[in-house]
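Novice: Those protein sequences? They're chains A and B, same order as listed. Read in the UniProt record's numbering, the first sequence has 219 at position 219, and its numbers run on one by one without any break. Read in the UniProt record's numbering, the second sequence has 147 at position 147, and its numbers run on one by one without any break. Positions of the beta carbon are idealized from the N, C-alpha and C atoms, including for glycine. Small disclaimer: the values here were computed from a predicted structure and weren't measured. Have a look at this one before I ask anything.
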Amino acid sequence: MPRQRTSRRLAADAALLAVAVAFALPLAWVVLSAVDPHAGLRVRVPDGLTTANFRAVLTPDITYTPLLNSLILCGGATALTVVCAALAAYPLSRFRSRLNRPFLLTILFATSLPITAIMVPVYALFVRVNLIDTLQGTILFFAASQLPFAIWLMKNFMDGVPKELEEAAWTDGASSLQSLVRIVLPLMGPGVAVVTVFSFVIMWGNFFVPFMLLLSPDQMPASVSINDFFGNRGMVAYGQLAAFSVIYSTPVILLYVLVARRLGGGFALGGAVKG
Amino acid sequence: MRPYRRVTRALPLTPALVLILLFLAGPIAYCVYIAFTDLQLTGQAHASFVGLDNFRRAFRDSEFLNAVWLTLVFTVLSSLVGQNTLGLALAALMKRASKPVRTLTGGVVVTAWVLPEVVAGFLLYAFFRREGTLNAILDWLHLPRQNWLFTLPILAVSFANVWRGTAFSMLVYSAALDEIPAEITEAAEVDGAGGWRRMWHITLPMIRRSIATNLMLNTLQTLSVFGLIWVMTRGGPGNKSQTLPLFMYEQAFQNSMIGYGTAVALLLLLVGSLFSVVYLRLLRTEV
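This is the structure we're talking about:
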């Protein structure tokens, strides 16, 4: 029996390692090419290390402005999403009403709609109301598209905070807004962190929304400006493209690791979508 | 409850409701409206109502039917077969594997998932290109090489979607498998049920709700993939990897036919809604 178990573990290890290698190949390309003075399209060990690729892309034009735009766009939209979701989740979690259930079902329904499909009418609408090519407009749309899921998650986390603590505050005369800010939100810190990081990561990587709603090059976030490495600049400098990809991807990977660790390596979303 | 209290209690919902109504419900309603007009990019003001023309046209348009077919291939290959099966296999293998291997594989697969969509697109573009890594490996194995993005673009983008999206299924299934009580598996093992039989008769029935939910979410996610395909192939060559979102974009913007493009978007939205309704029914006991 133990021998059988060991061989089974070895087989599982071997299979998983094979998958890991297959998944790692494209990742290895971006990491190796970023420091390769003669980067091409295939994975290879660089014949020398260089920081030239990073130095070439670390300019206001290529890196700083797009990253700042991404930060304004995603930071603004995330802040808006989290504040609105926390406010909205409170009555849904705390008070009984006949409308709660239909409202939550609608929210869940909206969560799974393909947002890609409504980008053409959103574009037409934004042209009408003069919101096209504005960061504010894009922030508002981003927040709205993220809200259903954020409310859903936030409500689930809020349900985990016992109501008794608030009732004490209410008898002391605290309003519901005060008890939300002073008692409930601090107690569901990890939950708020998950919603924040998740919203931010999703928007940081989103390409289609800013691609449709923003037009001027100086407003483009990194998710769209990365396209400039192809076409406009003539020959593709793969090393620079790789270096930029590394810089652009690092923040979201770090954020994810931070949240995953805080939750003990477990994954709250897995539980949240399970129903 | 007094009406006054009911109103003040619902007050915190207002900001979220306003945003959702203005920027999600509004565009969807507008989508339904312009899908029945001949709105074009030039001369916005003079759109007129054309009834079902856009839809009739879509179902006669061989390019639209091609996009529907490719969307189907893309969804079945990458989401139903790829992400779902591979995700389940990884989760099941991880239960048996040693800890370092588990951590390593999980880390790599999740990294592919967390990467921004466009970066993922570039990485796989480089992987599948004629002078890319895949062909280098095939050469090394003395197998025939291919210009993948040219000969089999829909297969290449499907693989890309598997690479990018499998982590989600893996996480969902890992959570589901962890919830199966160890006694049940052990009892079956004692009764002499082999690995496959245990999987088929015990594990799968026990996690069927997770399977249903996961399939649903994967499908919806895959239906709306745009950036990944756009970066890798732009829908080409010709229209050999043009799924519905790319077709919609081309009609609305490159051909300036917003009305027609929106009709396609509405069809996509309808398919998505159908899936959503099924998904809600699966979750019916919750909420």
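Can the beta-carbon of residue 240 of chain A be found closer than 9 Å to that of residue 53 of chain A?
Specialist: Yes.
Novice: Should residue 160 of chain B go down as buried or exposed, given a rule of 16 or more other Cβ atoms within 10 Å for buried?
Specialist: The residue in question, residue 160 of chain B, is buried, as its Cβ has 16 or more Cβ neighbours within 10 Å.
Novice: In chain order, what residues of the same chain lie with their CB nearer than 6 Å to the CB of residue 262 of chain B, ignoring the 5 residues before and after it?
Specialist: Hits under 6 Å: 31, 34 and 35.
Novice: Need the endpoints of the alpha helix (DSSP H) that residue 131 of chain B sits in, please.
Specialist: Element bounds for residue 131 of chain B: n/a, residue is neither H nor E.
Novice: Using a Cβ-Cβ cut-off of 7 Å (strictly less than) and excluding sequence neighbours within five positions of residue 74 of chain A, which residues of its own chain qualify?
Specialist: Correct list, in chain order: 200, 203 and 204.
Novice: Whose Cβ in chain B lies nearer than 7 Å to the Cβ of residue 249 of chain A?
Specialist: Near residue 249 of chain A (Cβ distances below 7 Å), the residues of chain B are 115, 116 and 119.
Novice: Kindly indicate which three-state DSSP category residue 37 of chain B falls into: helix, strand or coil?
Specialist: Three-state result, residue 37 of chain B: strand.
Novice: If you draw a straight line from the alpha carbon of residue 189 of chain B to that of residue 223 of chain B, how long is it in whole angstroms?
Specialist: Going from the Cα of residue 189 of chain B to the Cα of residue 223 of chain B covers about 40 Å.
Novice: Can you name the residues of chain A whose CB is closer than 7 Å to the CB of residue 28 of chain B?
Specialist: By Cβ distance, chain A contributes 118.
Novice: Nearest chain A C-beta to residue 227 of chain B closer than 9 Å, yes or no?
Specialist: It does; some Cβ of chain A falls within 9 Å.
Novice: Return the first residue and the last residue of the alpha helix (DSSP H) that residue 279 of chain B is part of.
Specialist: It spans 258-282 - the alpha helix (DSSP H) in which residue 279 of chain B sits, taken as one unbroken run.
Novice: Per DSSP, which residues does residue 49 of chain B bridge with? Please list them.
Specialist: Answer is B:37, bridged to residue 49 of chain B.
Novice: Taking Cβ-Cβ distances shorter than 8 Å, what residues in chain B pair up with residue 204 of chain A?
Specialist: Within chain B, the residues near residue 204 of chain A are 116.
Novice: For residue 262 of chain B, go through chain A and note every residue whose CB falls closer than 8 Å to its CB, in chain order.
Specialist: Going along chain A in sequence order, the residues near residue 262 of chain B (Cβ under 8 Å) are 120, 121 and 124.
Novice: When the Cα atoms are used, what is the spatial distance from residue 140 of chain B to residue 27 of chain A?
Specialist: Roughly 20 Å between the two C-alpha positions.
Novice: Can you find the residues in the same chain that come closer than 7 Å, C-beta to C-beta, to residue 208 of chain A, ignoring five residues on each side of it along the sequence?
Specialist: Result list for residue 208 of chain A: 116 and 119, in chain order.
Novice: If I'm right that residue 149 of chain A touches residue 213 of chain A with Cβ under 8 Å, what's the distance once you round it to whole angstroms?
Specialist: Not a contact, Cβ separation roughly 20 Å.
Novice: I'd like the list of long-range same chain contacts for residue 147 of chain A, defined as Cβ closer than 7 Å, with 5 residues on each side in sequence excluded.
Specialist: Excluding positions up to five away in sequence, the list reads 81, 84 and 85.
Novice: Among residues of its own chain, excluding the 5 on either side of residue 169 of chain B, which ones have a beta-carbon nearer than 6 Å to its beta-carbon?
Specialist: Counting only Cβ-Cβ distances below 6 Å, and skipping sequence neighbours, we find 83, 84, 87 and 214.
Novice: Give a yes or no on whether the minimum CB-CB distance between residue 227 of chain A and chain B is below 9 Å.
Specialist: Chain B contact via Cβ: present.
Novice: Measure the C-alpha to C-alpha separation of residue 142 of chain A and residue 169 of chain A and round it to an integer number of angstroms.
Specialist: Using only the alpha carbons, I get a separation of about 35 Å.
Novice: So residue 260 of chain B and residue 210 of chain B are in contact, right, with Cβ under 8 Å, and what is the actual spacing, rounded?
Specialist: Rounded, the Cβ-Cβ distance is 39 Å, inconsistent with contact.
Novice: The alpha helix (DSSP H) that contains residue 198 of chain B, what's its start and end?
Specialist: Segment 195-198, the alpha helix (DSSP H) holding residue 198 of chain B.
Novice: Can you name the residues of chain A whose CB is closer than 8 Å to the CB of residue 272 of chain B?
Specialist: By Cβ distance, chain A contributes 112, 113, 114 and 117.
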